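Chains as they are written, first to last, in this note's numbering: chain A, 152 to 353; chain B, 152 to 353.
Each remark here refers to the structure printed beneath this line.
Shown next as structure tokens:
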């Protein structure tokens, strides 16, 4: 059985390999294919973007495809940046500039009103009309200064509820356990586990 | 597709039906069969008991079987009653007597040392050597007086971490979302979802 993770990000691909390591499955990333369609992530929801990406990559490769869309929803900004997380503040910004921009907008917001939720939607698309969507969320708050060098995106300013460390201060192992993406990946792995069992035991 | 929930408990059967309601599957309980083997739950672990029960019911019915074993692990009692939760204090006790017995043993234990974990192990056993095990846990603490009339077993003395109410004071909907069994059932449903998709889309 073969599965494509619709990502060029080696971290995401490695995470999924780890979760599926007991299954008889070979994992590909987008780097393993020469021609992959460009997908514009302009959907109104995480689910729309994840499905759009997964459908396009499945159509191009013919292999079961797993695609995600993720974002940060800040309470005090009524859920923004949300589905626009990767483009928030302008296309050309670095992650660090984007974080400073967000912190600036939250300068006047009191500690107890700085709640936020990281959301992840994962879509699995495959043959015979297979389309399965799972979600994961991680609740936390936005601190006042970036902290930590791991991860990417908003990780340095997001403090998950259970820990005294930002996502960027946690080891990948711990982050994967509690993060929105880790939780969604765990669900996707369970679905694929059942699917693959049936496919490989006829 | 047909699945047997290895339980006579209508609450457990209803919970699973709810979780699988979007799937093309018919759910049976043990009450739907005339001859079911008696299974002695004398394993050393929740997993051993759950697998033993699921294997026996699958052997008797020929249908995919879902069986659970659950229990309460109290920190101050080094994980007891654990796998002996249903028989703790003696076979003939009512749930209420069992709760009073446990509270008595914890009388001298300070508030901050009354942590406990509800554990659930679910086994899925079916044709072609299918054996899948999933787990769910819910962390909380043991209060000093039973409270609430819903649920069963240790529910009236267990206060889950996220809520100010015991399991026996919560509505079934909320309890199912956060409980050890609800979490394990969600995982089992994802596995079965993938399995059934493959089985029914040839």
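Quick reminder that beta carbons are idealized off the backbone N, C-alpha and C, glycines included.
Source: prediction; values computed, not measured.
Let me know if residue i comes out buried or exposed under the rule of 16 or more other beta-carbons within 10 Å of its beta-carbon.
i                      : result
residue 322 of chain B : exposed
residue 300 of chain A : exposed
residue 295 of chain B : exposed
residue 245 of chain B : exposed
residue 327 of chain A : buried
residue 279 of chain B : exposed
residue 191 of chain B : exposed
residue 269 of chain B : buried
residue 182 of chain B : exposed
residue 216 of chain A : buried
residue 193 of chain B : exposed
residue 338 of chain B : buried
residue 134 of chain B : A question about residue 134 of chain B goes unanswered here, because the residues of chain B that appear run from 152 up to 353.
residue 350 of chain B : buried
residue 259 of chain B : exposed
residue 166 of chain B : buried
Alpha carbon to alpha carbon, how far is residue i from residue j?
i                      : j                      : result
residue 242 of chain A : residue 218 of chain B : 52 Å
residue 168 of chain A : residue 179 of chain A : 9 Å
residue 319 of chain A : residue 163 of chain B : 41 Å
residue 220 of chain A : residue 210 of chain A : 18 Å
residue 284 of chain A : residue 341 of chain B : 11 Å
residue 346 of chain B : residue 297 of chain A : 43 Å
residue 201 of chain A : residue 195 of chain A : 11 Å
residue 223 of chain B : residue 335 of chain B : 15 Å
residue 234 of chain A : residue 174 of chain B : 29 Å
residue 263 of chain B : residue 237 of chain A : 43 Å
residue 203 of chain B : residue 271 of chain B : 15 Å
residue 185 of chain A : residue 254 of chain A : 39 Å
residue 330 of chain B : residue 287 of chain B : 8 Å
residue 256 of chain A : residue 232 of chain B : 52 Å
residue 273 of chain A : residue 154 of chain A : 14 Å
residue 261 of chain B : residue 226 of chain B : 12 Å
residue 333 of chain A : residue 277 of chain A : 22 Å
residue 291 of chain B : residue 303 of chain B : 16 Å
residue 214 of chain B : residue 208 of chain B : 8 Å
So what's residue i in DSSP terms, helix, strand or just coil?
i                      : result
residue 297 of chain B : coil
residue 325 of chain A : helix
residue 351 of chain A : helix
residue 232 of chain B : strand
residue 220 of chain B : strand
residue 316 of chain A : coil
residue 343 of chain B : helix
residue 166 of chain A : helix
residue 249 of chain A : helix
residue 331 of chain B : helix
residue 161 of chain A : helix
residue 171 of chain A : coil
residue 197 of chain B : helix
residue 337 of chain B : helix
residue 202 of chain B : helix
residue 255 of chain B : helix
residue 209 of chain B : helix
Since residue i sits in a beta bridge, which residues does DSSP pair it with?
i                      : result
residue 284 of chain B : B/274
residue 177 of chain A : A/153
residue 310 of chain B : B/292
residue 225 of chain A : A/267
residue 183 of chain A : Answer is none; residue 183 of chain A lacks a bridge partner.
residue 215 of chain A : A/154
Could you name the residues of chain A that residue i contacts, counting a contact when the two beta carbons are closer than 7 Å?
i                      : result
residue 206 of chain B : Neighbours of residue 206 of chain B on chain A: none; closest Cβ ~17 Å, over 7 Å.
Give the residues of chain A in contact with residue i, contact being defined as C-beta atoms less than 9 Å apart.
i                      : result
residue 321 of chain B : Going along chain A, no residue has its Cβ under 9 Å from residue 321 of chain B, so there is no contact; the nearest lies around 20 Å.
residue 279 of chain B : 348, 349, 352, 353
Please compile the residues from chain B whose C-beta is within a distance smaller than 8 Å of the C-beta of residue i.
i                      : result
residue 346 of chain A : 345, 346, 348, 349
residue 341 of chain A : 285, 338, 341, 342, 345
What in chain A is Cβ-close to residue i, meaning under 8 Å?
i                      : result
residue 295 of chain B : Simply none; closest approach about 26 Å.
Just to make sure I have the definition right: I need the residues of chain B whose C-beta is within less than 9 Å of the C-beta of residue i. Which are they?
i                      : result
residue 332 of chain A : None at all; the shortest Cβ gap to chain B is about 16 Å.
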